[in-house]
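Chains as they are written, first to last, in our numbering: chain A, 1 to 146; chain B, 1001 to 1146.
First up is the structure itself, then whatever we jot down about it.
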DNA sequence: TATTGTTATACTCTATAACTATA
DNA sequence: TATAGTTATAGAGTATAACAATA
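Structure below.
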C-alpha cells in the first residue's frame, strides 16, 4: 500500500507536486525542441554553454550526465550547424574548448525567450501567491547550494 | 540582452527556479533508472500504467509524447522482462490493452518508494515553509486542472 | 475511408571498450 | 600511469512512411 498523502512530509508532497507540474509541461517543452530542429541533448548543450565562455568537452559531458564519447557526436552536429566551435585549449593540449558562435548565441537567446514565454502553470496563482511561492523557492535554492 | 530577474513576473521566476531544482536532481533520477535496469521511457511507462487498469497502447504513446510505433518496442522490452502483458480489447479488436503483471506492480511500487525517498531539495526548508510551499503548489495544481 | 498497432528505415542518444595524444 | 577526446560497436529511443486488420 502506498503511503497516504497525509502521512508524507510536506516537503515530500511538495516535491511530488513539482514533479507533476513539470510532467504536464513536457509535451510543450518537446514542441519547443522540435521547433528549433534540435534534440533534447542538443538544446541542453546550448543552454549549458554560456556566451563568451570556453567550456571543455568533459565539463559538458558532466553537465549532460553522459559519457565523454557521447559529447563528440552531439557537438559534431551542433558544429555542423554552425552553432558551436571547437578550439584548442592553451594550458592542456588534450583539452578542447567549446565556444558558441554568434549564431549559437542568437539561437540560445531565442530558446531562452521561448521557454520563458511558455505556458507557466504557476501564472494561474494570484500575484500575492506568486510572490510567496517565488520567495520560498529562492530560499530552497539558496539552502540547496550550501 | 536577457530580461533582468527583477523585470520578470514572480510566476516566471518561480517557474525558472522549479526548472533549476529539477535539473539539479536529474543525475540522481538517472541513477535510479539504471538501478532498476530500465531506460527513462520504460520507467515512465511503468509509472503510467496503473495497477489493475488496462491501458491501450495509443494512450501510453500519448502519455509518453511519442509515436505509436515507438511504444511497440518499449512494450516489447517490458513484456520480455515480464513486467507488462498485452491483452486483446473486447470492444475494438484493433486495440491492445496493456496490463501490469504482478511483478510489474511490485517493481512499480519499489520505483515509487525509491523516488519518494530520494534527495529532496525542498527538505532543506523549515517545516512552516514546507507546508506553505506545499499549499501553494496544491493551489497551482488545482488551478491547472480547471 | 479512418484508425490501431506493427514493420521497415534512418537518425540520434547511450554506455563500454579500445585507441591517440597528451600529461 | 593517468587523462581528454575520439572511434567502433551494440542497444535503445525517435519520427516517418507503408502496411494489415479492423472499424
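Note that beta-carbon positions come from the ideal geometry of N, C-alpha and C, so glycine has one too.
Computed from a predicted structure; not experimentally measured.
In terms of residues, what are the limits of the beta strand (DSSP E) holding residue 87(A)?
Judged by DSSP secondary structure, residue 87(A) falls within the beta strand (DSSP E) whose first and last residues are 84–88.
- Boundaries (first-last residue) of the beta strand (DSSP E) holding residue 1099(B): Bounds of the beta strand (DSSP E) holding residue 1099(B) are 1096–1100.
Report task. Measure the C-alpha to C-alpha separation of residue 74(A) and residue 117(A) and round it to an integer number of angstroms. Result -> 27 Å
Between residue 130(A) and chain B, is any beta-carbon pair separated by less than 8 Å? Yes, residue 130(A) counts as interfacial toward chain B.
Exercise. Counting Cβ pairs closer than 8 Å, one from the stretch 134–145 of chain A and one from the stretch 107–117 of chain A, do we hit at least three?
Worked result: No, because fewer than three Cβ pairs between the stretch 134–145 of chain A and the stretch 107–117 of chain A fall closer than 8 Å, the two stretches do not touch.
Along the alpha helix (DSSP H) that carries residue 76(A), what are the first and last residues, could you check?
-> 68–80
If you measure between the beta carbons of residue 108(A) and residue 98(A), is that distance less than 8 Å?
Going by beta carbons, residue 108(A) and residue 98(A) fall outside the 8 Å limit.
key: C-alpha gap between residue 134(A) and residue 91(A), whole angstroms   = 42 Å
*Could you check if residue 1028(B) is buried or exposed, using at least 16 other CB atoms within 10 Å of its CB as the buried criterion?*
Residue 1028(B) is exposed by the Cβ-count criterion.
| message | So residue 1027(B) contacts chain A; which residues on that side make the cut at Cβ distance below 7 Å? | response | Close partners of residue 1027(B) in chain A (Cβ separation under 7 Å): 65.
- Message: Pop quiz: residue 1122(B) and residue 128(A) are said to be a contact at Cβ under 8 Å. What is the actual Cβ separation, rounded to whole angstroms?
- Response: Incorrect: roughly 21 Å between the Cβ atoms, too far for contact.
Next on the checklist: I'd like the list of long-range same chain contacts for residue 110(A), defined as Cβ closer than 7 Å, with 5 residues on each side in sequence excluded.
Outcome noted: Residues of the same chain with their beta carbon placed closer than 7 Å to that of residue 110(A) are lacking, with the five preceding and five following residues left out of the count.
Simplified DSSP assignment, three categories, for residue 56(A): Here residue 56(A) sits in strand by DSSP.
_Considering only their Cβ atoms, is the gap separating residue 1038(B) from residue 1048(B) smaller than 8 Å?_
no
Checklist entry - Nearest CA to the CA of residue 95(A): which residue from 124(A), 78(A), 82(A) and 58(A)? => result 58(A)
| said: I need the boundaries of the alpha helix (DSSP H) containing residue 1027(B), first residue and last residue. | reply: 1026–1035
For chain B, find out if any of its Cβ atoms is closer than 8 Å to the Cβ of residue 120(A); answer yes or no. yes
Just mark residue 1051(B) as buried or exposed, buried being the case when its beta carbon has 16 or more other beta carbons within 10 Å. exposed
Discussion item. Within a Cβ cutoff of 8 Å, which residues of the same chain sit near residue 1067(B), ignoring the five residues on either side of it in sequence?
Written reply: 1061
List the residues of chain B that residue 42(A) touches, going by C-beta distances under 8 Å, in chain order.
Those do not exist, as residue 42(A) stays about 16 Å from chain B at its closest Cβ, beyond 8 Å.
For residue 1116(B), which three-state DSSP category applies? helix
Taking 8 Å as the threshold (beta carbon to beta carbon), is residue 24(A) in contact with chain B? Nearest CB-CB separation between residue 24(A) and chain B: below the 8 Å threshold.
Check your understanding: Would residue 83(A) be called buried (16 or more neighbouring beta carbons within 10 Å of its own) or exposed?
Key -> buried
_Contact list for residue 1012(B) against chain A, beta-carbon separation under 7 Å_ = 116 and 120
message = For residue 1001(B) and residue 16(A), I'd like the C-alpha separation in whole angstroms.
response = Since pLDDT at residue 1001(B) reaches only 48, below the 50 mark, its modelled position is unreliable, and no value is offered.
Burial state of residue 106(A) (16 or more Cβ within 10 Å) | exposed
Please return the same chain residues whose Cβ sits closer than 6 Å to the Cβ of residue 86(A), not counting the five positions on each side in sequence. 96
Under 7 Å Cβ to Cβ from residue 42(A), same chain only, skipping five residues before and after it: list those, please.
74, 77 and 78
- Message: Classify residue 45(A): buried if its beta carbon has 16 or more other beta carbons within 10 angstroms, exposed otherwise.
- Response: buried
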